[in-house]
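In terms of the working numbering, the sequence shown is residues 1 to 142. For every residue, glycine included, the Cβ atom is placed at its ideal position computed from N, Cα and C. Scroll down for the structure; my scribbles are underneath it.
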Amino acid sequence: KSVFTEAAPVLRQYDWPGVINVTTWSIDAPYAMTRGQMMKLVSRGWEVGCHSTSHRDMTTLSDADLEDEIVLARHRIEFKLKTEIETYCYPGGAFDDKVIAALKEAGYRGATCVYTGLGRWSERYKLRRITPTEAGFTIPTS
């Protein structure tokens, strides 16, 4: 089961696009969505966010490793999925001021973290998430 087989059909019923956050090694991995499935979601208006190359704790990395996880990962995903990447999703939710500065330098427009609740534009590199149950509703799945 995957986002493609479970969530996408339900969201499509409501005309809601979604977001997939992709690591470079998950594209065409046997346990993940295929590249074709990801590209089909993009064609339906879904956003793709970069989720790094290796899913390491970003706060522990050297400048060179940060560049690989932020800049090179973005380029690889854009090339493989033929779509522009504007947002980042912190692996494990780990970030600090150095990581945020690297994202800004790389031209990302924002980043999601593991905090829940409403976000503010002024905190677009610490974007929070709201789950359906937190919003007071549920979406039926198959």
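Reference ARG166, options GLU47, ALA7, HIS55 and TYR14, closest by Cα:
There is simply no residue 166 to check, as the chain begins at 1 and stops at 142 in what is shown.
Counting along the chain, where does the beta strand (DSSP E) carrying GLY49 start and finish?
Your numbering for residue 49 matches position 49 in the sequence shown. That run of the beta strand (DSSP E) goes 47-50.
Assign TYR115 to buried or exposed, taking buried as 16 or more other Cβ atoms, counted over all protein chains shown, within 10 Å of its Cβ.
Position 115 of the sequence shown, counting from 1, holds the residue named residue 115. Label assigned to TYR115: exposed.
Sufficient close CB pairs (3 or more, under 8 Å) joining the region 9-18 to the region 49-67
no
How about ILE27 and CYS50: are their beta carbons less than 7 Å apart?
Along the sequence shown, one-based indexing puts residue 27 at 27. Along the sequence shown, one-based indexing puts residue 50 at 50. Not a contact, by the Cβ cut-off of 7 Å.
Confirm, please, whether the CB-CB distance from LEU118 to ALA111 is below 7 Å.
Reading the sequence shown from its first residue, position 111 is the one you call residue 111. Reading the sequence shown from its first residue, position 118 is the one you call residue 118. For ALA111 and LEU118, no; Cβs fall outside 7 Å.
Nearer than 6 Å: is that true of the beta carbon of TYR90 relative to any heavy atom of the ligand MN?
Among the components of this structure there are no ligands whatsoever, and the ligand MN is therefore not found.
Classify GLY119 as helix, strand or coil using the three-state DSSP reduction.
Working through the sequence shown from its first residue, we reach residue 119 at position 119. Reduced to three states, the DSSP call for GLY119 is coil.
Limits of the alpha helix (DSSP H) - the one that ARG128 falls within
For this step, residue 128 is matched to residue 128 along the sequence shown. First-last for ARG128: 127-129, but that is the beta strand (DSSP E), not the alpha helix (DSSP H).
What whole-angstrom Cβ distance do ALA73 and THR34 have, given they're in contact under 8 Å?
To locate residue 73, count along the sequence shown from 1; it is residue 73. To locate residue 34, count along the sequence shown from 1; it is residue 34. That pair is no contact at about 19 Å.
Keeping to the same chain, check which residues put their C-beta closer than 8 Å to that of TYR90; ignore five residues upstream and five downstream.
Counted from its first residue, the sequence shown places residue 90 at position 90. Within the same chain, TYR90 has close Cβ partners MET58, VAL99, ALA111, THR112, CYS113 and VAL114.
Within 10 Å of its beta-carbon, does PHE79 have 16 or more other beta-carbons around it, so buried, or fewer, so exposed?
Along the sequence shown, read from residue 1 onward, the residue named residue 79 stands at position 79. Counting Cβ neighbours within 10 Å, PHE79 comes out exposed, since fewer than 16 surround it.
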